[in-house]
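Chains A and B, in that order, are what the protein sequence lines are. Sequential numbering of the first sequence, starting at -18, is according to my numbering. Sequential numbering of the second sequence, starting at -18, is according to my numbering. For every residue, glycine included, the Cβ atom is placed at its ideal position computed from N, Cα and C. For reference, the structure is listed below as structure tokens.
2 protein chains.
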Amino acid sequence: MYAIGIDVGGTSVKIGLFTDDGNMAEKWSIPTRVENNGKDILPDIALSVLQKIKDRQIPIKELKGVGVGLPGPVDSHGVIRKAVNLHWPDTFNVEEKLSHYLGGITEVKAANDANVAALGEAWVGSGKGCGSVVMVTLGTGIGGGIIINGHILAGFTGSGGEIGHTFVQEGETEICNCGKTGCLEQYASATGVVRLLRRELEAYPDTQSSLRYGEPDAKAIWDAVKAGDSLAIKVAEKFGYYLGSSLANLASIVNPELIIIGGGMSLAGDVLIPYVRKNFEKYVFHASMDTRFALATLGNDGGMYGAARLVLA
Amino acid sequence: MYAIGIDVGGTSVKIGLFTDDGNMAEKWSIPTRVENNGKDILPDIALSVLQKIKDRQIPIKELKGVGVGLPGPVDSHGVIRKAVNLHWPDTFNVEEKLSHYLGGITEVKAANDANVAALGEAWVGSGKGCGSVVMVTLGTGIGGGIIINGHILAGFTGSGGEIGHTFVQEGETEICNCGKTGCLEQYASATGVVRLLRRELEAYPDTQSSLRYGEPDAKAIWDAVKAGDSLAIKVAEKFGYYLGSSLANLASIVNPELIIIGGGMSLAGDVLIPYVRKNFEKYVFHASMDTRFALATLGNDGGMYGAARLVLA
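This is the structure:
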């Protein structure tokens, strides 16, 4: 049996052909055409999928289904609400619409992209074999996904796992992308640590640091941490406090077996984990103390894997 | 079909006989004999259940099963870890053990008592008809339960839903029952609001308050809030901040349809909700803004209902 796993982003759509044992047979991508309220996105996807099935001469009865991860809240019935990055203004059933463009040949399942990435890691990535997994994605923002017994916790309106917008700091003056203040994303995302750095540089003008020059990004900060830069280490400590205590609260509530850290900033590697782990252990309820931590292993392909799993589970 | 729903507490065991449509046909209770490491508790329960079945001449094939809620972490396989209130020192499979004492006549399912109370409310209480429900129980401590698609989120080690021990306050000097500091339970439980009151009385020695006399409990505080007592209202505001912001973070992560407030302090009634709701709306991610709030309706029977539901779901 085969499945198609699709990860729809704001600039490109990544499509993978999978076998039901979790192996990717082929991947390709097409541009995301967001013009005209993104009305071509789903027809483009359908066309590309149908073409591939034809080229590969895959019999329809050998295709278990098509799974899609999308940048917006998707509830458990397949209804998506305002996907800003795709320029979709409406609330509609994206599973039904894509199924229509596919000519109704196979099952279609959709979910939020961060949730789908978590499902991919739980299926064949660093969470393989775990029943309950939380994944937190540290990129420009912070995404999250919760997998319970192999299934996504989608939530009532499709926004399950939004740890990036949990409240962590009273008195913050800058405003988060979501409109609130004091969200985890403002401190522990790739842009968040750059903000933390700016504040440390201002607070300690006399402390030498390689990060005073140019426009250091998250990678530069973690490189400086590895090199022993004292201001960078202060930033890492604050990052660890915010992310570690937030993951502690999440673990006290969800009690997962494993927490996976992914996203662009996770490429800094094992240097992050001790800062997070130390604070996690300080703040977590004792019954969740032994929650394991791991880095994501599927990288940018995680979304395709998880999307395929939507129809293979 | 029938089911037995059992709520095991530290002083008594409440037992209910239910029909599969969610009606309680009869309830009774037996003492919890905690002496000798609580070794008589399960045999006592089995004896009482078998006697009732015999008295009522219920054919075994008409009994769907026996569900039990227990004061301790119970994982999804029925393994309980150290139930302090029952004086049980060991980790063991409580489903298998109770089934053994029942002579293997029927299915046995076990879960944590706060989780089971949430399941009861989600089944036939104020959450009836809702797919995803969070219940928070405000008593001496704070318990919690998360119901997703009609099933308990038990967690890897059986401690899912422990919102009472999420970290909410840096710099707290008093220690929580769990051994940490700054837990939600220290501010928003029935004992927590009494602590908050003590601090307000000390901070504002010249402010008149009916609560300066005697040893006011949580009920007295909420009565004073209703009567317009300014110090009591300060306590209610702080309670609302801690519980509202914590439930906001929980809702941003779990995105439930409904949040149910139960436990002894919920008997104060509708006076609590606005203090919680105001802060909830301030701190929650926009996609979970419309989460509804309700008070629990099953009172002390909720645990029995939920326990019966364990085997009727």
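query: C-beta atoms of B/N66 and B/P52 nearer than 7 Å; result: yes
query: Under the three-state DSSP convention, the category B/V(-11) falls into; result: strand
query: Rounded separation between B/T118 and A/G(-9) - CA only; result: 42 Å
query: Distance, B/G283 Cα to A/D1 Cα; result: 43 Å
query: Start-to-end residues for the alpha helix (DSSP H) that takes in B/F148; result: Note, B/F148: premise wrong, no alpha helix (DSSP H); not H, not E.
query: Below-7 Å beta-carbon distance, B/N96 vs any chain A residue; result: no
query: For A/S226 and A/W203, the rounded distance between their alpha carbons; result: 20 Å
query: Within-7 Å CB hit, A/I234 to chain B; result: yes
query: Alpha-carbon to alpha-carbon, A/S191 and A/P197; result: 9 Å
query: Cutoff 6 Å; reference B/H146; Cβ partners in own chain excluding five residues on either side; result: C159, C164
query: Same chain, Cβ closer than 8 Å to B/S140, five either side skipped, listed in chain order; result: P54, N93
query: B/M270 burial status per 10 Å Cβ neighbour count (16 or more: buried); result: exposed
query: Interface residues of chain A facing B/P54 [CB-CB closer than 9 Å]; result: N236, A268
query: Residue environment, A/G142, which counts as buried when at least 16 other CB atoms sit within 10 Å; result: buried
query: Within chain B, partners of A/A229 - CB distance below 9 Å; result: T147, F148
query: Residues, ordered as in the chain, of the region 112 to 129 of chain A that lie near chain B by beta-carbon distance below 8 Å; result: G112, S113, G125, I127, I129
query: Local Cβ density within 10 Å of A/K63, reported as buried at 16 or more and exposed below that; result: exposed
query: Check whether A/D(-12) and A/M246 have beta carbons under 7 Å apart; result: no
query: For A/V105 and A/G(-3), believed in contact at Cβ under 8 Å, the rounded distance; result: Not really, about 12 Å apart at Cβ, beyond 8 Å.
query: Residues that DSSP places opposite B/W69 in a beta bridge; result: B/A64
query: Where the alpha helix (DSSP H) through A/T93 begins and ends; result: The question names Thr, but residue 93 of chain A in the sequence shown is Asn. Per DSSP, A/N93 belongs to no alpha helix (DSSP H); it is in the beta strand (DSSP E), 89 to 93.
query: Neighbour list for A/Y264 in chain B, Cβ cutoff strictly below 9 Å; result: T147, F148, K161, G163
query: Status (buried if at least 16 other CB within 10 Å, exposed otherwise) for A/R37; result: exposed
query: Rounded separation between A/F261 and A/L224 - CA only; result: 8 Å
query: Beta carbon proximity, A/E166 to chain B, threshold 7 Å; result: no
query: Cα-Cα separation, A/C157 to A/E151; result: 13 Å
query: Cutoff 7 Å: A/T172 Cβ touching any chain B Cβ; result: no
query: Proximity below 7 Å, CB of B/F274 to CB of B/I234; result: no
query: Short-range partners of chain B found in the region 14 to 39 of chain A, where Cβ spacing is below 7 Å; result: none
query: Where B/E7 falls: helix, strand or coil (DSSP); result: strand
query: Short CB-CB distance (under 7 Å) between A/F220 and chain B; result: no
query: Meets three-Cβ-pair contact criterion under 8 Å: the region 203 to 213 of chain A and the region 178 to 195 of chain A; result: yes
query: Where B/I144 meets chain A, residues with beta-carbon distance less than 8 Å; result: S233, I234
query: Buried/exposed call for A/S170, threshold 16 Cβ in 10 Å; result: buried
query: Any chain B beta carbon closer than 7 Å to A/S140; result: yes
query: Rounded separation between A/L231 and A/L83 - CA only; result: 39 Å
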